[in-house]
Amino acid sequence: DAGITQSPRHKVTETGTPVTLRCHQTENHRYMYWYRQDPGHGLRLIHYSYGVKDTDKGEVSDGYSVSRSKTEDFLLTLESATSSQTSVYFCATMTSGSSYEQYFGPGTRLTVT
Amino acid sequence: DAKTTQPPSMDCAEGRAANLPCNHSTISGNEYVYWYRQIHSQGPQYIIHGLKNNETNEMASLIITEDRKSSTLILPHATLRDTAVYYCIAYKGGSQGNLIFGKGTKLSVKP
Chain S
1 DAGITQSPRH KVTETGTPVT LRCHQTENHR YMYWYRQDPG HGLRLIHYSY GVKDTDKGEV
61 SDGYSVSRSK TEDFLLTLES ATSSQTSVYF CATMTSGSSY EQYFGPGTRL TVT
Chain R
114 DAKTTQPPSM DCAEGRAANL PCNHSTISGN EYVYWYRQIH SQGPQYIIHG LKNNETNEMA
174 SLIITEDRKS STLILPHATL RDTAVYYCIA YKGGSQGNLI FGKGTKLSVK P
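Quick mapping for you: the protein sequence lines, in order, are chains S and R.
Each residue of the first sequence is one higher than the one before, starting from 1 at the first, in our numbering.
Each residue of the second sequence is one higher than the one before, starting from 114 at the first, in our numbering.
In structure tokens form, the structure reads like this:
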């Protein structure tokens, strides 16, 4: 494992409130990713980062923003949570080598009521 | 990235080899075959990957056919802890990291 932790692990929030999920890694991996996993959809990429302050959109980025001010931390913010954002969120990291293996965190289960 | 096709479920007896097939008939020459697994409620776990040669590591072996249209993941001595959903992914690499996880194969290892 790449020493990836996610916080919180579980969260229930109300529609319209902002929510920030944190991903922390201890392996100094350059690349970091946020995915969401929903039944029937598999994992889908939300945003990714290829270095400090360098981020880009993934497949399902609407309603989400990210920030990476330090190598070890990658934050995912739901600007105004909606029920459709109820999901399990996984963070992943990847080294800058050529084998492109991704290492995943334990996930955050988010429920928007 | 090429689409992959896997059987939805398989059973395996504990201690026996588990052979998980994957079809990727449209794979392009620069796409690798990656295998991940996801044990219930946990994050996906990288297992192995290969381009055209067979590969082996401490977890599994990967056999890729010569035409690269299919592959087989082999868990040599399956244990109950290998019960998981196994995903076969064709991926050409790069930092964008958009792994396409399909439905995978639910492997049930039984005592």
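We put the beta carbon where it would ideally sit given N, CA and C, even for glycine.
Remember, predicted model here, so these are calculated numbers, not experimental data.
Counting C-beta pairs with one atom in each stretch, the stretch 115-125 of chain R and the stretch 135-143 of chain R have three or more that are closer than 8 Å, which means they touch. For a cut-off of 8 Å, the C-beta gap from residue 23 of chain S to residue 73 of chain S is around 7 Å, short enough to register as a contact.
In this structure the stretch 87-95 of chain S lies against the stretch 24-31 of chain S, because at least three pairs of beta carbons, one per stretch, are closer than 8 Å.
Of the residues assessed, residue 153 of chain R falls on the exposed side of the cut-off, its CB having fewer than 16 other CB atoms within 10 angstroms. Residue 217 of chain R sits buried, since 16 or more C-beta atoms from the chains shown fall within 10 Å of its C-beta. DSSP lists R:185 as the bridge partner or partners of residue 134 of chain R. Excluding sequence positions up to five before and after residue 176 of chain R, its CB lies within less than 7 Å of the CB of 167, 184, 185 and 187, all in the same chain and listed in chain order. Rounded to the nearest whole angstrom, the C-alpha separation of residue 69 of chain S and residue 53 of chain S is 6 Å. The Cβ-Cβ distance between residue 205 of chain R and residue 143 of chain R falls below 9 Å. The DSSP-derived three-state label of residue 56 of chain S is strand. Taken in chain order, the complete alpha helix (DSSP H) segments of 4 or more residues contained in the stretch 143-198 of chain R number zero; there are none.
It is roughly 53 Å from the alpha-carbon of residue 179 of chain R to the alpha-carbon of residue 14 of chain S. Here DSSP, grouped into helix, strand and coil, assigns residue 85 of chain S to helix. Burial is judged here by how many other beta carbons sit within 10 angstroms of a residue's own beta carbon; residue 19 of chain S has at least 16 and is buried.
Within the DSSP bridge table, the entry for residue 219 of chain R names R:122 and R:198 as partners. The closest CA to that of residue 212 of chain R, considering only R:220, R:221 and R:202, is found on R:202. In the displayed model, residue 115 of chain R falls within coil according to three-state DSSP, outside both helix and strand.
Rounded to whole angstroms, residue 221 of chain R and residue 132 of chain R show a C-alpha spacing of 12 Å.
Collapsing the DSSP output to three states places residue 140 of chain R in coil. Setting aside the 5 residues that flank it on each side, residue 173 of chain R is surrounded in the same chain by 148, 160, 161, 186, 187, 188 and 189, each with a C-beta closer than 8 Å to its C-beta; the list follows chain order.
Under the 10 Å beta carbon count, residue 124 of chain R is surrounded by fewer than 16 other beta carbons and is classified as exposed.
By the Cβ-count criterion, residue 45 of chain S is buried, with 16 or more other Cβ atoms from all chains shown falling within 10 Å of its own Cβ. Taken through DSSP and simplified to helix, strand or coil, residue 212 of chain R comes out as coil.
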